[in-house]
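>
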């Protein structure tokens, strides 16, 4: 078993355990503070998935910069892995957020909320990069185009991160890394930490596997080219 | 209790979705590995030149 696959398995087991603990062990929130207290438990999926998405978009940024400025094949593989992981984790975050929004706010989306819309745009960027790349022949020009999107699109990450610190419209404000003690208790924090670690391991495993996959595709394409050229 | 049932279904759906995604990626990687080995077997290529693939592509 490869390193990436081992991390994938470990991360997936951790995610499963997190969800089990979130469902059966994590304390309930106050019935007065939430419209739908049960739905609040989706937070143990939503927050770690968003954290993993930021890691993936960070990888996309580094990969894009590495390709544009160093012409590194390794960086291009990181760009591919980062965009695919960003798309998957972005969709997980958006979907879990919509489930919670529908239960708590009565609407799955709020077009006036900055956090929701910048994160939505970030996920759409990943959709564009992944679908666009798969529909274009691989070449320096197409790589430059998608790498430029990956590079400049990263500006949405800090905007998304600070959005709820500056404009609290509908999305709740930060509960961790707030400078004070935060609003979650010890057991909640423990489950959230397990979730964050599991999602981190899982997404690193995915990116390693995806980078290996791209390397194999490139090698296969080279071999086929050599083989066809020799005939 | 109804809310917890919906939540359990949502959790299970998300777990199945990421399991399927992971399975697809791992299977694609294994299939490509097999195709490469088969092609290398036909072309009489060993594993050594793998390291130079990046450089070759760079020059191209």
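Residue numbers (my numbering), protein chains in the order written: chain E, 1030 to 1260; chain C, 2 to 61.
Cβ coordinates follow ideal geometry from the N, Cα and C atoms, glycine included.
Note that the structure is a prediction, hence the values are computed from the model and not measured.
In chain order, what residues of the same chain have a beta carbon less than 6 Å from the beta carbon of residue 1261/E, not counting five sequence neighbours either side?
This structure does not reach residue 1261/E, given that chain E is present from 1030 up to 1260, and the question cannot be answered.
> Using the rule of at least 16 other Cβ atoms within 10 Å of the residue's Cβ for burial, across every protein chain shown, is residue 1233/E buried or exposed?
For this step, residue 1233/E is matched to residue 204 along the first chain. Looking at its Cβ environment, which holds 16 or more other Cβ atoms inside 10 Å, residue 1233/E is buried.
> What does the Cβ neighbour count give for residue 1173/E, buried or exposed, with the cut at 16 atoms within 10 Å?
Reading the first chain from its first residue, position 144 is the one you call residue 1173/E. Per the 10 Å Cβ criterion, exposed.
> Cβ closer than 7 Å: which chain E residues qualify as neighbours of residue 9/C?
Against the second chain, residue 9/C aligns to sequence position 8. Going along chain E in sequence order, the residues near residue 9/C (Cβ under 7 Å) are 1052.
> Rounding to the nearest angstrom, what Cα-Cα distance links residue 1115/E and residue 1109/E in this structure?
Taking the first residue of the first chain as 1, we reach residue 1115/E at position 86. Taking the first residue of the first chain as 1, we reach residue 1109/E at position 80. Cα-Cα distance, rounded: 10 Å.
> Quick one: list the residues of chain E neighbouring residue 33/C, beta-carbon separation under 7 Å, in chain order.
Position 32 of the second chain, counted from the start, is the residue given in the question as residue 33/C. Simply 1242, 1245, 1246 and 1249.
> When the Cα atoms are used, what is the spatial distance from residue 1240/E to residue 1088/E?
By 1-based counting over the first chain, the position of residue 1240/E is 211. By 1-based counting over the first chain, the position of residue 1088/E is 59. So the two alpha carbons sit approximately 11 Å from each other.
> Where does residue 50/C land, buried or exposed, given buried means 16+ other C-beta within 10 angstroms?
The count along the second chain starts at 1 and reaches residue 50/C at position 49. For residue 50/C, the predicted structure reports a pLDDT of 46, less than 50, and the residue's modelled location is therefore unreliable. A value from the coordinates is still provided. Answer is exposed; the Cβ neighbour count stays below 16.
> For residue 1107/E, I'd like the list of residues in its chain whose CB is within less than 7 Å of its CB, leaving aside the five on either flank, ordered along the chain.
By one-based count along the first chain, residue 1107/E stands at place 78. Excluding positions up to five away in sequence, the list reads 1088, 1091, 1092, 1095 and 1240.
> Please return the same chain residues whose Cβ sits closer than 7 Å to the Cβ of residue 1127/E, not counting the five positions on each side in sequence.
The residue you call residue 1127/E lines up with position 98 of the first chain. Contacts found: 1137 and 1138.
> What three-state label does DSSP hand residue 1213/E in the structure shown?
Against the first chain, residue 1213/E aligns to sequence position 184. Residue state, collapsed to three classes: coil.
> Kindly list the residues whose CB is nearer than 7 Å to the CB of residue 1051/E, restricted to its own chain and excluding five residues on each side of it in sequence; keep chain order.
Residue 1051/E sits at position 22 when you count from the first residue of the first chain. Result list for residue 1051/E: 1070, 1073 and 1220, in chain order.
> Examine chain E for any beta-carbon lying closer than 8 Å to the beta-carbon of residue 25/C, and answer yes or no.
The sequence position of residue 25/C within the second chain is 24, counting from 1. Cβ-Cβ to chain E under 8 Å: no for residue 25/C.
> Once DSSP output is grouped into helix, strand and coil, what is the label at residue 1165/E?
Here the question's residue 1165/E lines up with position 136 in the first chain. Three-state result, residue 1165/E: coil.
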